[in-house]
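Peer 1: Structure in structure tokens, see below.
Residue numbers (our numbering), protein chains in the order written: chain A, 463 to 586; chain B, 612 to 864.
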């Protein structure tokens with residue numbers, strides 16, 4: 463069995479994307495990190511986290527099964543490979559801020575409709 | 612079968628006209644008579660007798676009066692619509708002005724923020740560029756020193772440092788996009804963009820620059836025409852001049 467991937471390796475693509483290097487996006491090969499996306503044009507941002515799930519043998523420190531790349535979108539498990547090319551990378555701090563904003567902004571719950579900002583004035 | 616679309620075959624197509632069609636029709640009957648008569652006058656080719664000239668004077672007065680009646684009817688029939696439009700404008704003017712004011716004031720806030728952000732970004736890039744230059748120079752010195760003492764490990768280390776400096780320099784050269792994206796996703800991104808601003812500094816040079824532009828000639832001719840009408844034909848006959856223009860007097864009916 464092989465060793466688990468290091469955080470440095472796992473998040474290299476995401477780090478590079480945030481640095482503005484525009485790393486290549488390969489269909490079907492999601493990269494772990496923090497993202498946001500819209501489900502419809504003009505709709506609210508939805509936070510997405512892609513992460514790696516793995517089982518490690520506590521004695522040897524080796525993987526007991528292959529690493530799995532999973533995705534969590536708005537608190538739900540989704541197919542990472544299917545949504546991956548629609549994601550916009552954001553920093554972890556921005557991801558967490560977006561989670562808080564989603565929790566405090568009821569209008570953002572309707573993820574499948576275009577947001578109408580005229581309904582309620584955003585306040586500081 | 613007639614396949615042409617019927618323009619009245621729409622909702623509201625059978626609405627009455629927005630004006631008094633009977634009054635307009637009555638004036639059109641008179642106008643038709645006058646237009647028929649115009650044909651007869653034009654068939655003459657030219658006026659040869661005082662009698663014809665007198666009748667033509669009456670014709671011209673009549674057709675002008677008729678034109679005035681049609682125009683007055685147009686004005687009076689349009690007035691209720693204009694008044695309604697003014698009332699609508701009046702009702703909407705305030706709210707629109709308030710929305711404009713709010714957007715304008717807060718865009719000012721945003722401009723200040725974005726300018727400060729752009730300044731910070733530029734300073735950061737300059738800082739990175741400076742560090743990259745220092746690291747590159749250091750790597751070059753270390754490479755030279757390692758080469759002189761045949762230190763292979765030192766040469767590789769120096770190359771790594773040079774690569775790091777090059778990556779940093781590339782990052783420093785990357786164009787900075789200063790913008791603020793919507794928090795929720797519902798708004799549009801606001802960016803700081805550069806726009807040209809024009810202030811007239813030397814009007815003579817500007818005139819020279821635009822001398823071949825017909826719009827300038829038209830504008831100046833308009834100004835001169837207004838001045839000529841203000842001073843009147845008598846002053847022009849006495850030699851009033853407008854620099855750059857030929858003033859003359861033409862006789863017209």
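Note that the Cβ used here is the ideal one computed from N, Cα and C, for glycine as well.
1. So, at 6 angstroms on beta carbons, what are the nonlocal neighbours of residue 534 of chain A in its own chain, with the 5 sequence-adjacent residues on each side left out?
2. Sort out for me which residues DSSP pairs residue 496 of chain A with in a bridge.
3. Just to check my reading of the structure: residue 789 of chain B and residue 732 of chain B have Cβ atoms closer than 8 angstroms, yes? What is that Cβ distance to the nearest angstrom?
4. Any beta carbon of chain B sitting closer than 7 angstroms to that of residue 574 of chain A?
5. Do we get a CB-CB distance below 7 angstroms when we pair residue 785 of chain B with the residues of chain A?
6. Find the nearest neighbour of residue 649 of chain B within the set B:637, B:662, B:702, B:668, judged by alpha-carbon distance.
7. Any C-beta of chain B sitting closer than 7 angstroms to the C-beta of residue 499 of chain A?
8. Return helix, strand or coil for residue 718 of chain B, following the three-state DSSP convention.
9. Under the three-state reduction of DSSP, which class applies to residue 527 of chain A: helix, strand or coil?
10. Would you please verify whether the beta carbon of residue 836 of chain B is less than 7 angstroms from any beta carbon of chain A?
11. Could you name the residues of chain B that residue 563 of chain A contacts, counting a contact when the two beta carbons are closer than 8 angstroms?
12. Pick helix, strand or coil for residue 829 of chain B, following the three-state DSSP scheme.
13. Give a yes or no on whether the minimum CB-CB distance between residue 579 of chain A and chain B is below 7 angstroms.
14. I need the straight-line Cα distance from residue 532 of chain A to residue 701 of chain B, nearest angstrom please.
15. Confirm, please, whether the CB-CB distance from residue 549 of chain A to residue 497 of chain A is below 7 angstroms.
16. Under 7 angstroms between C-beta atoms, does residue 482 of chain A make it to chain B?
17. Just the C-alpha distance for residue 646 of chain B and residue 663 of chain B, rounded to the nearest angstrom, thanks.
18. Exposed or buried, residue 703 of chain B, counting other C-beta atoms within 10 Å across all chains shown (16 or more means buried)?
19. Got a sec, what are the start and stop residues for the alpha helix (DSSP H) residue 639 of chain B sits in?
20. Drop a sphere of 10 angstroms on the beta-carbon of residue 769 of chain B, count the other beta-carbons inside from all chains shown, and report buried for 16 or more, exposed for fewer.
21. Might you give, ordered along the chain, the residues of its own chain that have their beta carbon closer than 7 angstroms to the beta carbon of residue 782 of chain B, omitting 5 neighbours on each side?
22. Cβ closer than 7 angstroms: which chain A residues qualify as neighbours of residue 798 of chain B?
23. Using the beta-carbon of each residue, which ones in chain A are nearer than 8 angstroms to residue 737 of chain B?
Peer 2: Taking the coordinates as given:
1. Cβ neighbours of residue 534 of chain A beyond the five flanking positions: 511.
2. A:511
3. 6 angstroms
4. no
5. yes
6. The candidate whose alpha carbon is nearest that of residue 649 of chain B is B:668.
7. no
8. helix
9. coil
10. no
11. Going along chain B in sequence order, the residues near residue 563 of chain A (Cβ under 8 angstroms) are 794, 795.
12. helix
13. yes
14. 58 angstroms
15. Against a cut-off of 7 angstroms, the Cβ pair of residue 549 of chain A and residue 497 of chain A comes out as a contact.
16. yes
17. 17 angstroms
18. exposed
19. 632 to 654
20. buried
21. 739
22. 579
23. Going along chain A, no residue has its Cβ under 8 angstroms from residue 737 of chain B, so there is no contact; the nearest lies around 17 angstroms.
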